[in-house]
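Numbering (our numbering), first residue to last: 4 to 196.
Ideal Cβ placement from N, Cα and C applies to all residues, glycine included.
Please read these numbers as outputs of a predicted model, since none were measured by experiment.
Single-structure report; data block below.
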Amino acid sequence: MPEEKDKQSSSDDGEKDDSLLSALLYPGEALAKWYLSIGSLGLFLSILNVIGMIDDVYRVSWSGLLTMEALGDALLMKDSSPSFAISDAVFMILCGGLVFLGFRWVNSKEGGASSFLRGLFINDTWSSLTNPVLGGWSKTGGAWCLLVGVLFYLYWGVRYTRWIDPGVYVVTIALLASGIALKGVSQVTPQES
Numbered sequence: 004m005p006e007e008k009d010k011q012s013s014s015d016d017g018e019k020d021d022s023l024l025s026a027l028l029y030p031g032e033a034l035a036k037w038y039l040s041i042g043s044l045g046l047f048l049s050i051l052n053v054i055g056m057i058d059d060v061y062r063v064s065w066s067g068l069l070t071m072e073a074l075g076d077a078l079l080m081k082d083s084s085p086s087f088a089i090s091d092a093v094f095m096i097l098c099g100g101l102v103f104l105g106f107r108w109v110n111s112k113e114g115g116a117s118s119f120l121r122g123l124f125i126n127d128t129w130s131s132l133t134n135p136v137l138g139g140w141s142k143t144g145g146a147w148c149l150l151v152g153v154l155f156y157l158y159w160g161v162r163y164t165r166w167i168d169p170g171v172y173v174v175t176i177a178l179l180a181s182g183i184a185l186k187g188v189s190q191v192t193p194q195e196s
């Protein structure tokens, strides 16, 4: 009897592993959007790193940055480091893989990539920037937090050539998280008692 339970639990673990792997490789809407966001940001930053515009003094060693300097220094002086390293290629492949997995979901939907990209700019979130009637004040506040967060990151990066500044990330993430939370609150309907 105990052997049968062990066999059954190991097959259940295999099914759980398969379902987790399947969920990661064939993401649903929420995970696909995260893949696209993180992968696109990673590709953008890696391209800036290769062309030497991620920072005015440093280049990023992705292997050092992502392992908290276990595999080397995270920041290298621009003058003494190569413009393209193996870690750049590995990071680009990983981020490209995330974008690919995200677009797999996008292309499975009606309208595909063009409909998805259009939906990023033409949707009820951005229309609520100036009209709180469309989703309430929390949706308007959320839309403003999202817009200010993105514009702040872009402005700081372009103006000061500091695309990897931790302080800028803190402000940007706080604004984006607040925007997502406020937008989520606006979509919750109160229950009748």
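So, is residue i buried or exposed, given that buried needs 16 or more other C-beta atoms within 10 angstroms?
| i | result |
| --- | --- |
| residue 191 | exposed |
| residue 89 | exposed |
| residue 121 | exposed |
| residue 83 | exposed |
| residue 62 | buried |
| residue 94 | buried |
| residue 129 | exposed |
| residue 161 | exposed |
| residue 157 | exposed |
| residue 26 | exposed |
| residue 30 | buried |
| residue 166 | buried |
| residue 185 | buried |
Can you check which of these residues, the options, is closest to residue i by C-alpha distance?
| i | options | result |
| --- | --- | --- |
| residue 60 | 117, 48, 78, 193 | 78 |
| residue 35 | 94, 95, 46, 119 | 119 |
| residue 98 | 80, 39, 107, 112 | 39 |
| residue 174 | 155, 134, 96, 166 | 155 |
| residue 1 | 104, 100, 24, 96 | For residue 1 there is no data in the structure shown, the boundaries of the chain being 4 and 196. |
| residue 126 | 142, 113, 106, 163 | 142 |
What is the DSSP secondary structure of residue i, counted as helix, strand or coil?
| i | result |
| --- | --- |
| residue 74 | coil |
| residue 29 | coil |
| residue 91 | helix |
| residue 168 | coil |
| residue 9 | For residue 9, the predicted model reports a pLDDT of 49, less than 50, meaning its position is unreliable; a value from the coordinates is still stated below. It is helical. |
Whole-angstrom Cβ separation of residue i and residue j, contact assumed at under 8 Å?
| i | j | result |
| --- | --- | --- |
| residue 69 | residue 57 | That belief does not hold up - the Cβ atoms of residue 69 and residue 57 are roughly 15 Å apart, past 8 Å. |
| residue 86 | residue 76 | Actually they do not touch by this definition, with Cβ atoms about 16 Å apart. |
| residue 3 | residue 139 | In the structure as shown, the chain begins at 4 and stops at 196. Residue 3 is therefore absent and cannot be evaluated. |
Short of 7 Å in beta carbon distance, which residues of its chain neighbour residue i, apart from the five on each side in sequence? Order them along the chain.
| i | result |
| --- | --- |
| residue 43 | 102 |
| residue 52 | 62, 63, 91 |
| residue 187 | none |
| residue 67 | 74, 75, 76, 77 |
Using a Cβ-Cβ cutoff of less than 8 Å, which residues in the same chain neighbour residue i once the five nearest sequence positions on both sides are dropped?
| i | result |
| --- | --- |
| residue 179 | 148, 149, 152, 153 |
| residue 115 | 109 |
| residue 136 | none |
Take residue i and list the residues in its own chain whose beta-carbon comes closer than 6 Å to its own, dropping the five residues that flank it on each side.
| i | result |
| --- | --- |
| residue 171 | 159 |
| residue 46 | 98 |
| residue 146 | 128, 131, 132 |
| residue 168 | none |
For the ligand FAD, is there a heavy atom less than 8 Å away from the beta-carbon of residue i?
| i | result |
| --- | --- |
| residue 37 | Among the ligands in the structure shown, none appear at all, so the ligand FAD cannot be discussed. |
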